[in-house]
Amino acid sequence: MKNYRRFFLKTLMKLSFLSIIPIKLSAFSPIEECETTPDIEGPFYIPNAPNISILTPPEVNSDFLFITGTVYANDCITPIPNATVEVWHANKGELTTNNDEVFFGNSTYNDTLYRAKIYTDNSGNYAYQTILPGKYLNGSYYRPSHIHYKSSYLDQNEITTQLYFEGDTSISKDPWASSQDSLNRTIPLTMDNNNNLNGVFDIYLNVNPEEIESTTIKEIQLIESIFPNPINQNTQIYLSKNNNYKSLEICDINGKNIIKKNNISHTQIKLYELIMPNTPKGIYILKITTQEGQTAAKRFVI
């Protein structure tokens with residue numbers, strides 16, 4: 275787990291220093307096959323959030339929520355470098371009791387905390403560290419825990435949406451979270467050995483792959499995509515065609531190796547065939563190593 279946490283924090287640092295490009299957002303119609311559906315913006319959006327990936331204040335030193343994902347074009351597999359991902363959410367609130375249920379509620383929004391504008395890396399990846407937001411009253415019921423998103427690419431193709439979490443008992447009472455459109459934005463969370471929650475949320479923009487500008491950020495791209503994610507029987511791993519691969523490993527969220535394949539000769543691999551039928555649901559890490567010792571990792575959901 276220490277090695278993976280080091281990798282995650284290194285990713286956060288790398289994303290924090292990507293170039294800052296002024297972004298102007300506009301509407302789009304998503305592709306159904308890999309659709310990121312829209313949701314309401316709500317009244318708490320503030321533009322010009324800081325370009326950071328660690329949203330937690332210094333006094334918060336445990337019980338983190340780590341979210342990672344990739345922003346893809348409308349072919350579902352081409353990553354978009356230097357896309358913008360804005361996130362904002364309420365604080366944790368306080369322990370609250372309602373109808374014999376105990377949860378963190380009465381949360382509020384702060385003008386400066388738990389807000390960020392993140393730019394994807396050369397492989398379209400984004401990542402941030404925060405906390406699980408608390409709930410707050412919306413009339414007669416508590417809104418479920420959620421994180422607001424805005425994502426776009428080069429002055430256009432905006433999506434405004436919200437991320438929800440499986441098992442939240444307030445989802446059924448909320449008209450937005452309980453909508454059929456929110457199903458692909460309600461993700462499972464996996465707790466690691468350090469009591470931190472982990473989630474994966476990929477975003478799909480209505481951008482044609484040929485419209486993606488080449489980036490000046492030089493990075494080695496080994497894993498192009500894992501799609502669909504969460505995985506099903508059709509999920510494929512797409513690797514870059516310009517590398518010689520030594521091994522493929524799959525680890526659980528704590529870094530424990532569960533699968534290792536050597537001498538990888540194909541750049542398109544059926545992920546489902548690598549997974550044992552009795553593998554528990556949760557978040558897993560795909561790690562690729564080349565013959566030259568270069569490595570890359572991406573998380574996926576079973």
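Quick note on our numbering: the sequence shown kicks off at 275 and runs consecutively.
Think of the CB as a built atom: it goes at the ideal place given N, C-alpha and C, for glycine as much as any other residue.
Phenylalanine 574 has its alpha-carbon roughly 26 angstroms from the corresponding atom of asparagine 335. Per DSSP, the beta-bridge partners of threonine 464 are Asn472. Non-local beta-carbon contacts of serine 381 in its own chain, meaning distances under 7 angstroms to residues more than five positions away in sequence, involve Ala364, Asn365, Lys366, Gly367, Pro407, Gly408, Lys409, Tyr410 in chain order. Here glutamine 565 is exposed, its C-beta having fewer than 16 other C-beta atoms within 10 Å. Here glutamate 440 carries a coil assignment [DSSP, helix/strand/coil]. As a beta-bridge residue in DSSP terms, proline 353 pairs with Tyr346. Our two residues, proline 312 and tyrosine 478, have alpha carbons roughly 11 angstroms apart in a direct line. The three-state secondary structure of serine 452, taken from DSSP, is coil. The beta-carbon separation of leucine 463 and asparagine 472, rounded to 7 angstroms, stays under the 8 angstroms limit for a contact. The segment 336 to 348 makes no contact with the segment 440 to 459, as fewer than three CB pairs between them are under 8 angstroms. Residue ranges of uninterrupted beta strand (DSSP E) with 3 or more members, entirely inside the segment 382 to 450 and ordered along the chain, are 389 to 393, 399 to 404, 410 to 412, 415 to 417, 421 to 427, 430 to 439.
CA-to-CA, the gap between serine 444 and arginine 459 works out to about 15 angstroms. By the C-beta density criterion, glycine 441 is exposed, having fewer than 16 other C-beta atoms within 10 angstroms. DSSP places glutamate 523 within a strand segment (E or B) once states are collapsed to three. The straight-line gap separating the alpha-carbon atoms of proline 502 and asparagine 396 is approximately 20 angstroms. Threonine 435 counts as buried, since at least 16 other C-beta atoms from the protein chains shown sit within 10 angstroms of its C-beta. The beta carbon of isoleucine 461 is closer than 6 angstroms to those of Gly473, Phe475 in its chain, skipping five residues each way along the sequence.
Residue burial annotation: serine 419 is buried, with at least 16 other C-beta atoms found within 10 angstroms of its C-beta.
The C-alpha of glutamine 403 lies about 5 angstroms from the C-alpha of phenylalanine 340. The secondary-structure analysis by DSSP pairs alanine 570 across a beta bridge with Ile562.
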